[in-house]
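A.B. asks: Read top to bottom, the protein sequences are chains A and B. For the first sequence, my numbering assigns the number 35 to the initial residue and increments by one for each residue that follows. For the second sequence, my numbering assigns the number 2 to the initial residue and increments by one for each residue that follows. All residues carry an ideal CB built from backbone N, CA and C; glycine is no exception.
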Amino acid sequence: MPVSDGAAIRSQRVSRHYAMGTALIRAVDEVTLEVHAGEFLALLGSSGSGKSTLLNLMAGLDRPTSGTIFANGRDLAQMDSEELARHRCQTVGMVFQAFNLLPRMTLEENVELPLRLAEVERSKRASRVCDALERVHLGARLRHRPGELSGGEQQRAALARALVNQPKILLADEPTGNLDSRTGEEILGLLREINHSLRMTIVMVTHEHALAARFAHRIVTLVDGRLAEDAR
Amino acid sequence: MRSRDLAELAGRNLREALLRNALTTLGIAVGVASLVAMLSLGAGLQELVNKRLTHSGLFDKIFVTSYQNLRALGRPTPQADPGDRESRLLDDTARQQIKRLANVAEVYPEIRFLTEVEYAGRKHLTTVVAVPASARLSDAFEGMQGTFFSGPEADQAILQMDFARELISQPAALLGDQLLLRYAEREPLEPAKGSAAGTDSGEFAADFGLGFAVVRRQRSLRIVGIVETDPGAGPAGFNRGRVFIPLPLAERLRVVQMTDLRNIMRSPSAGAVVNYSTLVVRVDNPKQVAAVEDAVKHMGFMTFSLLDMTRNLHRLFAILDLFLGIFGSLALAVASLSIINTLVMAILERRREIGILKALGAADGDVRQLFFAEAGAMGLVGGALGVAMGWTIGRLINLGTNIYLRRQGLPSENIWWVPWWLVLGAVGFAVLVSLLAGIYPAARAARLDPVQALRYE
Chain A
35 MPVSDGAAIR SQRVSRHYAM GTALIRAVDE VTLEVHAGEF LALLGSSGSG KSTLLNLMAG
95 LDRPTSGTIF ANGRDLAQMD SEELARHRCQ TVGMVFQAFN LLPRMTLEEN VELPLRLAEV
155 ERSKRASRVC DALERVHLGA RLRHRPGELS GGEQQRAALA RALVNQPKIL LADEPTGNLD
215 SRTGEEILGL LREINHSLRM TIVMVTHEHA LAARFAHRIV TLVDGRLAED AR
Chain B
2 MRSRDLAELA GRNLREALLR NALTTLGIAV GVASLVAMLS LGAGLQELVN KRLTHSGLFD
62 KIFVTSYQNL RALGRPTPQA DPGDRESRLL DDTARQQIKR LANVAEVYPE IRFLTEVEYA
122 GRKHLTTVVA VPASARLSDA FEGMQGTFFS GPEADQAILQ MDFARELISQ PAALLGDQLL
182 LRYAEREPLE PAKGSAAGTD SGEFAADFGL GFAVVRRQRS LRIVGIVETD PGAGPAGFNR
242 GRVFIPLPLA ERLRVVQMTD LRNIMRSPSA GAVVNYSTLV VRVDNPKQVA AVEDAVKHMG
302 FMTFSLLDMT RNLHRLFAIL DLFLGIFGSL ALAVASLSII NTLVMAILER RREIGILKAL
362 GAADGDVRQL FFAEAGAMGL VGGALGVAMG WTIGRLINLG TNIYLRRQGL PSENIWWVPW
422 WLVLGAVGFA VLVSLLAGIY PAARAARLDP VQALRYE
């Protein structure tokens, strides 16, 4: 089923089940959800509710057991591993709770990494790296390594890395989970600013309802892998 | 991912675990060094033997004779025998035809005759051999006493050492002395001519209506050198030369040969034709002997060369190289296990990093290529280092061997040789082995589930 106009992501009864010994874990269970283009959506739920698994399915890092999931008009379940890699490289950008910057690389090199994978010409890379780091207010920290930065700065650098390939969708997995509340709010403020200025679709996984309510347009709650609530 | 980015990332990854990767690379280098040292020793020995054989002046020569020479006397002449269509006379026409064949350096008659020489009033029966100017480079003249002939037709002689000792107890004292050579000349007769006028010192001429006269002559030669062995000894080695004279001079002397007598016996009129008992064909390179030999056979002559002996020798060296290569490769095989170990360790250490790369858009192929590039880079650096180490080991072996040879009073020899194909081959082989060793780790890294890898702490 093609995605309807205005939908950046659309899942149709998508499930992801795991076998653990003889038990079947239903991490995501028949979730039907549509994320509109330019929307800032928060996926809320307690630990083990399946929100990160659903995010991984949207990112193309994982494949659904059943159902369909469309991103940017294409069914991720039908893509081969090369196409999924291209989807992760060009359509989506990802931010993680643990920042996941490569510690031995400088910020400049970390942010350049997606450009290398996307085979962007070398002559264009430097300006794009600078623009991305300027956007997250780290333009002066190009040569610093992640270990020389605070948690908030590292997450901003990770955000710059996610933005550098100019994706249509930003997927953030607990981006404030490793940060204090003030820094967390700064990051969410940055996400909202990106959402507004770039009209970028954002799906953020969080378990902090208050923050989600303040910054996101829409909150979808998952309970035991099922969609429990969809509130605007 | 582009090749340059791949190379940069691989280089960065290798530098990050510098000690471990350096040790693995050193392992490859030791393997390659052992391979290079073994094969260069084999190549050096082969080169040494080849050089010796080439300089011996035997392996680049083909000895050509006519089939007629083997026939019994009294048989019908070739023209009368329909079965002899392929049997040709080894005359000047044949000599010129052979000379025009590709890869033929020179063609000259083998002139070797039994005669009498006189020194200090004493006569000696001995064998005189004509030597071409090209023989100067052969081993026989290496380290000779005195000098080679000053010119192609110089009235000079070089003596074989044993013969020189027969003449005088201190052979070196012979240099510069005169030796009197007596021989029988085959002088062609013009109509109504039978005298020996105009010859050096004709004493007797005979014409039995055979087209030539046999004239007894003598010529004074200056002794210019003394050699240990007969440079022309080969298939005719049973009749070793003891006095050597320049080939053009010998040709000008027109000494009566065995073929002249045989021709007379066969047919009196055949005596008027000059033909050679044996022509020696020297080719540009011993490798071309077979082709030239075939061409000469095709012309209807009988040939002989020592090619078969070199073939066996090459087979022996091929087997030696194979065994040396196998033993040399063992260390490289062990080094390849070390590459697998290093890369598997790298996968464990960089599991999360691989997950991050995949999350950022790296395809399985990118991850696989990255590990291959790291394995290949270790192979390339290890290979180059190994060649340098192997070269150094070879130099040391050579140095040690030459010190030993000098102490034994023997000339220095280069028993070790690193040909360019061995340098390129060893580096290429090291890269190939490293890439093969990288197949399993690269496939394992490419297969990593990014979700699992990102959870890895």
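Sort B:Gln179, B:Ala347 and B:Ala336 by Cα distance to B:Val33 and report the nearest one.
C.D. replies: If you number the second sequence from 1, residue 33 of chain B lands on position 32. When each option's Cα is compared against that of B:Val33, the closest is B:Ala336.
A.B. asks: Alpha carbon to alpha carbon, how far is A:Glu155 from A:Val62? Give it in angstroms, no decimals.
C.D. replies: Numbered from 1 along the first sequence, position 28 holds the residue referred to as residue 62 of chain A. Numbered from 1 along the first sequence, position 121 holds the residue referred to as residue 155 of chain A. Looking at the two C-alpha atoms, the distance is approximately 39 Å.
A.B. asks: Kindly list, in the order they appear in chain B, the residues whose Cβ is closer than 9 Å to that of A:Pro98.
C.D. replies: Translated into the one-based positions of the first sequence, residue 98 of chain A becomes position 64. Ordered by position in chain B, no residue passes the 9 Å Cβ test against A:Pro98, which lies about 13 Å from the chain.
A.B. asks: Which chain B residues sit within Cβ distance under 9 Å of A:Cys123?
C.D. replies: Along the first sequence, one-based indexing puts residue 123 of chain A at 89. Result: Leu361, Gly362, Ala363 and Ala364.
A.B. asks: Are there three or more Cβ pairs, one per stretch, closer than 8 Å when the segment 106 to 126 of chain B is compared with the segment 166 to 185 of chain B?
C.D. replies: A contact exists between the segment 106 to 126 of chain B and the segment 166 to 185 of chain B.
A.B. asks: Can you name the start and end residues of the alpha helix (DSSP H) that A:Gln189 belongs to?
C.D. replies: Reading the first sequence from its first residue, position 155 is the one you call residue 189 of chain A. Segment Gly185 to Leu197, the alpha helix (DSSP H) holding A:Gln189.
A.B. asks: Just to confirm my understanding: we take B:Thr230, look at its own chain, exclude 5 residues before and 5 after, and list those with CB closer than 7 Å. What are they?
C.D. replies: In the second sequence, the residue the question calls residue 230 of chain B occupies position 229. Contacts found: Ala141.
A.B. asks: DSSP beta-bridge partners for A:Thr240?
C.D. replies: Walking along the first sequence from the start, residue 240 of chain A turns up at place 206. A:Leu78.
A.B. asks: Please check if any C-beta of chain B sits within less than 9 Å of the C-beta of A:Ala194.
C.D. replies: Residue numbering aside, residue 194 of chain A sits at position 160 when the first sequence is read from its first letter. It does not: the Cβ of A:Ala194 has no partner Cβ on chain B nearer than 9 Å.
A.B. asks: Alpha carbon to alpha carbon, how far is A:Leu135 from A:Leu196? Give it in angstroms, no decimals.
C.D. replies: For the purposes of this step, residue 196 of chain A is taken as the residue at position 162 of the first sequence. For the purposes of this step, residue 135 of chain A is taken as the residue at position 101 of the first sequence. For the sequence presented, residue 196 of chain A should be read as Ala rather than Leu. Cα to Cα, A:Ala196 sits roughly 11 Å from A:Leu135.
A.B. asks: On the criterion of 16 or more Cβ atoms from any shown chain inside 10 Å, does B:Thr148 qualify as buried, or is it exposed?
C.D. replies: Taking the second sequence and counting its residues from 1, one reaches residue 148 of chain B at position 147. Exposed.
A.B. asks: When the cut-off is 9 Å and only beta carbons count, does A:Glu116 lie next to chain B?
C.D. replies: Here the question's residue 116 of chain A lines up with position 82 in the first sequence. Taking Cβ atoms only, chain B reaches closer than 9 Å to A:Glu116, which makes this a yes.
A.B. asks: Determine whether the beta carbon atoms of B:Ile246 and B:Leu280 lie at a separation below 9 Å.
C.D. replies: Position 245 of the second sequence, counted from the start, is the residue given in the question as residue 246 of chain B. Position 279 of the second sequence, counted from the start, is the residue given in the question as residue 280 of chain B. Against a cut-off of 9 Å, the Cβ pair of B:Leu280 and B:Ile246 comes out as no contact.
A.B. asks: By how many angstroms is the C-alpha of A:Arg190 removed from the C-alpha of B:Arg352?
C.D. replies: Counted from its first residue, the second sequence places residue 352 of chain B at position 351. Counted from its first residue, the first sequence places residue 190 of chain A at position 156. Using only the alpha carbons, I get a separation of about 24 Å.
A.B. asks: Please tell me whether A:Met139 and A:Ala206 are closer than 9 Å, where the distance is taken between their beta carbons.
C.D. replies: On the first sequence, position 105 is the one that residue 139 of chain A refers to. On the first sequence, position 172 is the one that residue 206 of chain A refers to. Not closer than 9 Å, so no.
A.B. asks: Locate the alpha helix (DSSP H) running through A:Ser115, then write down its first and last residues.
C.D. replies: Indexing the first sequence from 1 puts residue 115 of chain A at position 81. Looking at the DSSP string, the run of the alpha helix (DSSP H) that includes A:Ser115 is Ser115 to Arg120.
A.B. asks: Spatial neighbours of A:Leu172 within its chain, please: C-beta separation below 7 Å, excluding the five flanking residues on both sides.
C.D. replies: On the first sequence, residue 172 of chain A is found 138 positions in, with the first residue counted as 1. The residues are Leu141, Glu187, Arg190, Ala191 and Ala194.
A.B. asks: Nearest CA to the CA of B:Leu323: which residue from B:Met2, B:Asp6, B:Leu40 and B:Ser35?
C.D. replies: The count along the second sequence starts at 1 and reaches residue 323 of chain B at position 322. Checked all of B:Met2, B:Asp6, B:Leu40 and B:Ser35; the closest Cα to B:Leu323 is B:Leu40.
A.B. asks: Grouping DSSP H, G and I as helix and E and B as strand, with all else coil, what is B:Val244?
C.D. replies: Counting from one through the second sequence, the residue named residue 244 of chain B turns up at place 243. Here B:Val244 sits in strand by DSSP.
A.B. asks: If you run the structure through DSSP and keep just helix, strand and coil, what is B:Ile112?
C.D. replies: Within the second sequence, residue 112 of chain B is the residue found at index 111, counting from 1. Three-state result, B:Ile112: coil.
A.B. asks: Applying the criterion that 16 or more other CB atoms from any shown protein chain within 10 Å of the CB defines a buried residue, is B:Arg187 buried or exposed?
C.D. replies: Taking the second sequence and counting its residues from 1, the one referred to as residue 187 of chain B is at position 186. Result: buried.
A.B. asks: So, is the C-beta of A:Leu95 closer than 9 Å to a C-beta in chain B?
C.D. replies: Taking the first residue of the first sequence as 1, we reach residue 95 of chain A at position 61. Chain B contact via Cβ: present.
A.B. asks: For chain B, find out if any of its Cβ atoms is closer than 9 Å to the Cβ of A:Glu153; answer yes or no.
C.D. replies: Looking up residue 153 of chain A in the first sequence gives position 119. Yes, A:Glu153 lies at the interface with chain B (some Cβ there is under 9 Å from its Cβ).
A.B. asks: Going by beta carbon distance, what residues of the same chain come within less than 6 Å of A:Ala246, once the five residues before and after it are set aside?
C.D. replies: Translated into positions along the first sequence, residue 246 of chain A becomes position 212. Cβ neighbours of A:Ala246 beyond the five flanking positions: Ala76, Leu78, Thr240 and Ile253.
A.B. asks: Is the beta carbon of B:Trp421 sitting closer than 9 Å to the one on B:Ile398?
C.D. replies: Numbered from its first residue, the second sequence carries residue 421 of chain B at position 420. Numbered from its first residue, the second sequence carries residue 398 of chain B at position 397. No, Cβ-Cβ distance for B:Trp421 and B:Ile398 is not below 9 Å.
A.B. asks: Mind checking the segment 341 to 361 of chain B against chain A and listing, in chain order, the residues whose C-beta falls within less than 9 Å of any C-beta there?
C.D. replies: Cβ contacts with chain A come from Arg353, Glu354, Gly356, Ile357, Leu358, Lys359, Ala360 and Leu361.
A.B. asks: When burial is assigned at 16 or more other CB atoms within 10 Å of the CB, is B:Phe328 buried or exposed?
C.D. replies: In the second sequence, the residue the question calls residue 328 of chain B occupies position 327. With fewer than 16 other Cβ atoms within 10 Å, it is exposed.
A.B. asks: Just how far apart, CA to CA, sit A:Val48 and A:Met113?
C.D. replies: Along the first sequence, read from residue 1 onward, the residue named residue 48 of chain A stands at position 14. Along the first sequence, read from residue 1 onward, the residue named residue 113 of chain A stands at position 79. A:Val48 and A:Met113: Cα-Cα distance of roughly 15 Å.
A.B. asks: Tell me, which residues are paired with B:Pro189 by DSSP?
C.D. replies: If you number the second sequence from 1, residue 189 of chain B lands on position 188. Answer is B:Phe213, bridged to B:Pro189.
A.B. asks: In whole angstroms, give me the CA-to-CA distance for A:His243 and B:Ser4.
C.D. replies: Start at 1 with the first residue of the first sequence, and residue 243 of chain A comes out as number 209. Start at 1 with the first residue of the second sequence, and residue 4 of chain B comes out as number 3. So the two alpha carbons sit approximately 46 Å from each other.
A.B. asks: Given 8 Å as the limit, is there contact between the segment 100 to 117 of chain B and the segment 278 to 298 of chain B, that is, 3 or more CB pairs closer than that?
C.D. replies: As far as the Cβ criterion goes, the segment 100 to 117 of chain B touches the segment 278 to 298 of chain B, which means the pair count is three or higher.
A.B. asks: Answer yes or no: do A:Leu118 and A:Gly94 have a C-beta to C-beta separation smaller than 9 Å?
C.D. replies: Along the first sequence, read from residue 1 onward, the residue named residue 118 of chain A stands at position 84. Along the first sequence, read from residue 1 onward, the residue named residue 94 of chain A stands at position 60. In this structure, A:Gly94 lies closer than 9 Å to A:Leu118 by Cβ.
A.B. asks: By a C-beta neighbour count over all protein chains shown, 10 Å radius and 16 as the cutoff for buried, is B:Asn14 buried or exposed?
C.D. replies: As a first step, residue 14 of chain B is located in the second sequence; it is residue number 13 there, counting from the start. Label assigned to B:Asn14: buried.
A.B. asks: Quick check on A:Ile43: does DSSP put it in helix, strand or coil?
C.D. replies: The residue you call residue 43 of chain A lines up with position 9 of the first sequence. Of the three classes helix, strand and coil, the one that applies to A:Ile43 here is strand, per DSSP.
A.B. asks: Mind checking if B:Glu17 is an interface residue toward chain A, Cβ cutoff 9 Å exclusive?
C.D. replies: As a working note, residue 17 of chain B is residue 16 in the second sequence. Closer than 9 Å: yes.
A.B. asks: Helix, strand or coil: which one does DSSP assign to A:Gln131?
C.D. replies: Locating residue 131 of chain A in the first sequence gives position 97, where the first residue counts as 1. Residue state, collapsed to three classes: coil.
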